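Read the structure below first, then the notes.
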Amino acid sequence: MHPYRTHTCGELRKNHVDQTVKLSGWVHRKRDHGGVLFIDLRDFYGLAQAVVHPDRAFFDEASRVRPESVITITGQVVARTPETVNSELPTGEIEVTVEEFKVDSAADALPFPVNQELEYPEDTRLTYRFLDLRHERLRDNILLRSRTAQLTREYMTGRGFIEFHTPILTSSSPEGARDYLVPSRLYPGHFYALPQAPQQFKQLLMTSGFDKYFQIAPCFRDEDSRADRSPGEFYQIDIEMSYITQDDLFVEIEGLMVRLFTELSNRKIVAETFPRIPYREAMEKFGTDKPDIRFGLEMADVSDVFRESEFKVFRGAVEKGGAVKVINASGAAEQSRKFFDDAEAFAKSEGAKGLAWIALRDGEMKGPVAKFLSETERQGLISATNAKDGDALFFGAGPRDETNQLLGRVRVYLGNALNLIDENLAAFCWVVDFPMFEWNPDEKKVEFSHNPFSMPQGGLEALETQDPLDVLALQYDVVCNGVELSSGAIRNHRPDIMVKAFEIAGYDRATVENKFPALWKAFHYGAPPHGGIAPGFDRIVMLLAGEPNIREIIAFPLNQRAQDLLMGAPSMVDDRQLLDILGNNKRLVEEFKKALTQKPSVE
RNA sequence: GGGGGCGUAGUUCAGUUUGGUUAGAACGCUGCCCUGUCACGGCAGAGGUCGCCGGUUCGAGUCCGGUCGUCCCCGCCA
Numbered sequence: 001m002h003p004y005r006t007h008t009c010g011e012l013r014k015n016h017v018d019q020t021v022k023l024s025g026w027v028h029r030k031r032d033h034g035g036v037l038f039i040d041l042r043d044f045y046g047l048a049q050a051v052v053h054p055d056r057a058f059f060d061e062a063s064r065v066r067p068e069s070v071i072t073i074t075g076q077v078v079a080r081t082p083e084t085v086n087s088e089l090p091t092g093e094i095e096v097t098v099e100e101f102k103v104d105s106a107a108d109a110l111p112f113p114v115n116q117e118l119e120y121p122e123d124t125r126l127t128y129r130f131l132d133l134r135h136e137r138l139r140d141n142i143l144l145r146s147r148t149a150q151l152t153r154e155y156m157t158g159r160g161f162i163e164f165h166t167p168i169l170t171s172s173s174p175e176g177a178r179d180y181l182v183p184s185r186l187y188p189g190h191f192y193a194l195p196q197a198p199q200q201f202k203q204l205l206m207t208s209g210f211d212k213y214f215q216i217a218p219c220f221r222d223e224d225s226r227a228d229r230s231p232g233e234f235y236q237i238d239i240e241m242s243y244i245t246q247d248d249l250f251v252e253i254e255g256l257m258v259r260l261f262t263e264l265s266n267r268k269i270v271a272e273t274f275p276r277i278p279y280r281e282a283m284e285k286f287g288t289d290k291p292d293i294r295f296g297l298e299m300a301d302v303s304d305v306f307r308e309s310e311f312k313v314f315r316g317a318v319e320k321g322g323a324v325k326v327i328n329a330s331g332a333a334e335q336s337r338k339f340f341d342d343a344e345a346f347a348k349s350e351g352a353k354g355l356a357w358i359a360l361r362d363g364e365m366k367g368p369v370a371k372f373l374s375e376t377e378r379q380g381l382i383s384a385t386n387a388k389d390g391d392a393l394f395f396g397a398g399p400r401d402e403t404n405q406l407l408g409r410v411r412v413y414l415g416n417a418l419n420l421i422d423e424n425l426a427a428f429c430w431v432v433d434f435p436m437f438e439w440n441p442d443e444k445k446v447e448f449s450h451n452p453f454s455m456p457q458g459g460l461e462a463l464e465t466q467d468p469l470d471v472l473a474l475q476y477d478v479v480c481n482g483v484e485l486s487s488g489a490i491r492n493h494r495p496d497i498m499v500k501a502f503e504i505a506g507y508d509r510a511t512v513e514n515k516f517p518a519l520w521k522a523f524h525y526g527a528p529p530h531g532g533i534a535p536g537f538d539r540i541v542m543l544l545a546g547e548p549n550i551r552e553i554i555a556f557p558l559n560q561r562a563q564d565l566l567m568g569a570p571s572m573v574d575d576r577q578l579l580d581i582l583g584n585n586k587r588l589v590e591e592f593k594k595a596l597t598q599k600p601s602v603e
């Protein structure tokens with residue numbers, strides 16, 4: 001007989017009755033009746049009830065074994081009597097009468113129970129992550145992550161994409177987030193950087209002729225964390241294709257997303273061909289470049305209506321070149337006064353000076369600002385918003401971009417407050433036509449608004465003839481439920497257009513050559529037109545799992561302050577290791593250690 | 001770097017508004033009882049620097065100042 005198991009805990013059924021079986025697993029739960037002892041034995045595959053009778057020599061040992069200890073039992077599969085069948089359990093029709101009992105690994109008292117799904121402090125969970133991962137919810141998330149990766153590979157290879165590995169030790173990139181640096185032993189004072197994304201490598205592979213690239217690529221960025229952004233490292237489904245238009249790429253991504261969400265979640269996909277929203281329109285209607293289109297409440301521009309208004313807040317905003325925007329919260333007129341006060345309190349907490357509102361009740365406009373409105377303005381409002389009796393209007397007024405963003409957050413607040421957001425939906429959209437450049441008011445200069453590798457719409461001619469701030473890029477984002485999953489672009493593969501684009505952003509030709517030597521060189525030896533995208537793998541799994549925090553779908557995440565509480569990273573290193581990277585100079589090692597304020601490593 | 005929430009037993013939390021005897025409950029832990037449970041049940045017990053430092057007060061978990069930790073957000077994220 002096998003030393004550990006003849007069956008798994010989840011597979012025993014009625015047809016195994018009378019067989020002698022061996023099971024190994026964790027003690028999930030014990031029910032000690034003094035005269036008879038029940039042990040729920042758990043492994044990866046399920047749960048089985050083991051019964052220990054008091055005449056057995058190991059009865060005392062078994063009754064003392066603590067939850068989560070690993071044991072091996074041998075015994076006979078017995079059919080349960082009808083009264084004792086547990087219909088909740090797949091193995092509930094049988095139990096195993098224990099004849100041999102062995103503790104393989106005794107467990108100490110636990111920092112938190114594994115047999116119940118309760119909330120525990122995250123630092124405790126991360127310190128004992130190996131235990132936390134035994135919880136069903138976390139385990140299911142990790143399995144979902146595995147299936148997501150597997151299905152992605154299946155889909156992508158089925159579509160003719162080639163999977164690559166690109167370097168982890170590479171060079172520091174000139175733009176973007178902070179790099180993680182790795183000191184070089186052979187070249188003291190020199191550093192590798194961990195890649196923020198394999199951006200340049202995948203473009204080089206296109207230039208090498210591989211046509212369709214993909215990689216579930218590790219990316220490293222030294223940024224502060226968020227609920228949906230783990231510090232340090234994350235994964236992207238990195239994709240690049242040659243000889244394509246934007247439309248060709250959208251088809252591939254729509255197919256991948258529909259496949260993943262159809263097979264791995266219960267969310268209903270609102271539209272399998274994702275609607276496309278130009279960036280400018282997204283900002284005007286939703287106040288963000290990642291609109292949540294599971295619900296309406298789109299913003300309308302009523303600046304023209306209030307150009308001559310007696311209501312100074314609105315007229316003033318328009319006179320100063322700003323905007324007056326309005327949201328029609330259909331049916332909200334009957335909400336309590338508290339509802340409107342809470343909405344205003346929210347707007348103020350986001351930085352607004354106030355939140356004007358009007359409720360249409362009994363054929364009249366009611367609310368604090370209604371009395372300022374002329375008949376013409378009332379008509380203008382109604383035609384701009386299609387408002388009818390029972391609706392409520394919420395206003396934002398001020399500088400245009402600021403007002404859009406603020407009222408955009410009010411929109412999401414109202415969507416939640418009015419229960420308009422259906423959690424069972426997956427509402428994808430493309431945001432397209434991002435501007436190529438933007439004005440940096442602090443440094444008073446034009447700069448790239450996304451990444452410098454995008455192809456400007458209209459090519460070289462657009463750069464030469466248009467106002468740079470009017471030039472659009474072949475740059476796009478894919479958004480789901482208000483979460484930005486990915487940015488991508490049709491790339492700029494033409495050295496002459498690169499030079500012109502960088503020139504507009506204030507860099508000379510030498511800068512391009514020095515900053516991006518690989519691409520610069522490669523694009524002089526026959527580069528195919530190409531483009532791609534890189535959806536965030538972790539965020540997709542988050543959406544599939546319905547988890548609000550990215551750490552719940554990562555087996556061993558860093559905590560918010562970028563520490564690994566289990567492994568103790570980051571940590572100080574031996575003098576020997578410091579000597580290696582400081583050119584064997586002992587004096588330098590001492591100065592190095594003295595100079596750095598020694599932030600304590602993780603205990 | 002900045003803002004907000006939270007910090008009381010191993011854990012989840014009550015108590016803080018209005019300062020006043022020995023700081024409670026549940027789960028977990030330890031011991032005892034229990035032969036059909038499946039979140040088994042019953043009895044008993046251990047377990048607390050109320051995050052830390054200082055202040056006000058006859059008296060501080062409770063009020064004040066500072067500080068630390070943690071989570072969320074802003075900045076940051078080509």
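Residues 1 to 603, numbered by the numbering used here, are exactly what the first sequence covers, in order. Don't be surprised by glycine CBs; every beta carbon is placed ideally from N, CA and C. The structure displayed is predicted, hence computed values, not measured ones.
For this session: Can you say whether L181 is buried or exposed, counting buried as having 16 or more other CB atoms within 10 angstroms of its CB?
Result: Walking along the first sequence from the start, residue 181 turns up at place 181. Burial call: exposed.
Problem set entry | Whole-angstrom C-beta distance between S449 and E438, which should lie under 8 Å | Here residue 438 refers to the residue found at position 438 of the first sequence. Here residue 449 refers to the residue found at position 449 of the first sequence. Between S449 and E438 the Cβ distance is about 4 Å, and since that is below 8 Å, they are a contact.
Exercise. Where does N86 fall in DSSP's three states?
Worked result: Here residue 86 corresponds to residue number 86 of the first sequence, with the count starting at 1. Coil, per DSSP.
Problem set entry | Spatial neighbours of S225 in its chain, beta-carbon cut-off 6 Å, leaving aside the 5 residues before and after | One-based indexing of the first sequence puts residue 225 at position 225. Here the set comprises P231, Q560.
Exercise. Using DSSP with H/G/I as helix, E/B as strand and the rest coil, what is D442?
Worked result: Locating residue 442 in the first sequence gives position 442, where the first residue counts as 1. D442: coil per DSSP, three-state reduction.
Exercise. Does the beta-carbon distance from D228 to I550 come in below 8 Å?
Worked result: As a working mapping, residue 228 is identified with position 228 in the first sequence. As a working mapping, residue 550 is identified with position 550 in the first sequence. Contact: yes.
Problem set entry | Cross-strand partners of G536 (DSSP beta bridge) | As a working note, residue 536 is residue 536 in the first sequence. BP columns for G536 point to Q236.
Exercise. Between the segment 471-479 and the segment 426-433, are three or more C-beta pairs nearer than 8 Å?
Worked result: yes
For this session: Report the three-state DSSP secondary structure of Q577 (helix, strand or coil).
Result: As a working note, residue 577 is residue 577 in the first sequence. Here Q577 sits in helix by DSSP.
Exercise. From Q19, N481, F59, pick the residue whose C-alpha is nearest to that of K30; which is it?
Worked result: Taking the first sequence and counting its residues from 1, one reaches residue 30 at position 30. K30 has its Cα closest to that of F59, out of Q19, N481, F59.
Exercise. Out of curiosity, what's the CA-to-CA distance linking I73 and L544?
Worked result: Start at 1 with the first residue of the first sequence, and residue 73 comes out as number 73. Start at 1 with the first residue of the first sequence, and residue 544 comes out as number 544. Cα to Cα, the separation comes out at about 38 Å.
For this session: Using beta-carbon positions only, say whether V21 and V77 come within less than 8 Å of one another.
Result: As a working note, residue 21 is residue 21 in the first sequence. As a working note, residue 77 is residue 77 in the first sequence. Cβ atoms of V21 and V77: closer than 8 Å.
For this session: With distances taken Cα to Cα, identify the nearest neighbour of N15 among P291, R145, A79.
Result: To locate residue 15, count along the first sequence from 1; it is residue 15. Minimum Cα distance to N15 is reached at A79.
Exercise. Out of curiosity, what's the CA-to-CA distance linking D248 and S265?
Worked result: On the first sequence, position 248 is the one that residue 248 refers to. On the first sequence, position 265 is the one that residue 265 refers to. Near 26 Å, if we compare the C-alpha coordinates of S265 and D248.
Exercise. Got a sec, what are the start and stop residues for the beta strand (DSSP E) P278 sits in?
Worked result: Locating residue 278 in the first sequence gives position 278, counting from the first residue. P278 -> beta strand (DSSP E) spans 276-278.
Exercise. Using the beta-carbon count (16 or more within 10 Å), is K312 buried or exposed?
Worked result: Mapped onto the first sequence, residue 312 falls at position 312. The residue in question, K312, is exposed, as its Cβ has fewer than 16 Cβ neighbours within 10 Å.
For this session: Taking N514 as part of the alpha helix (DSSP H), name the residues at either end of that continuous run.
Result: Taking the first residue of the first sequence as position 1, residue 514 is located at position 514. Element bounds for N514: 509-515.
Exercise. So what does M241 bridge to, in DSSP terms?
Worked result: Translated into the one-based positions of the first sequence, residue 241 becomes position 241. Paired residues: K212, G531.
Exercise. Assuming G396 and A352 make a contact with CB atoms under 8 Å, what is their CB distance in whole Å?
Worked result: Within the first sequence, the letter at position 396 stands for residue 396. Within the first sequence, the letter at position 352 stands for residue 352. Confirmed, about 7 Å.
For this session: Please list the segments of the beta strand (DSSP E) lying wholly inside the segment 333-371, counting only runs of 3 or more residues, in order along the chain.
Result: 357-361, 364-366
Problem set entry | Sub-8 Å separation of D575 and V589 beta-carbons | As a first step, residue 575 is located in the first sequence; it is residue number 575 there, counting from the start. As a first step, residue 589 is located in the first sequence; it is residue number 589 there, counting from the start. Contact flag set, yes.
Problem set entry | Spatial neighbours of I358 in its chain, beta-carbon cut-off 6 Å, leaving aside the 5 residues before and after | On the first sequence, residue 358 is found 358 positions in, with the first residue counted as 1. Excluding positions up to five away in sequence, the list reads M365, G367, A370, L393.
For this session: Using 10 angstroms around the beta-carbon of M567, count the other beta-carbons present and answer buried if the total reaches 16, otherwise exposed.
Result: Taking the first residue of the first sequence as position 1, residue 567 is located at position 567. Exposed is the call here.
Problem set entry | Every unbroken alpha helix (DSSP H) inside the segment 264-323 [4 residues or more] | 279-286, 312-319
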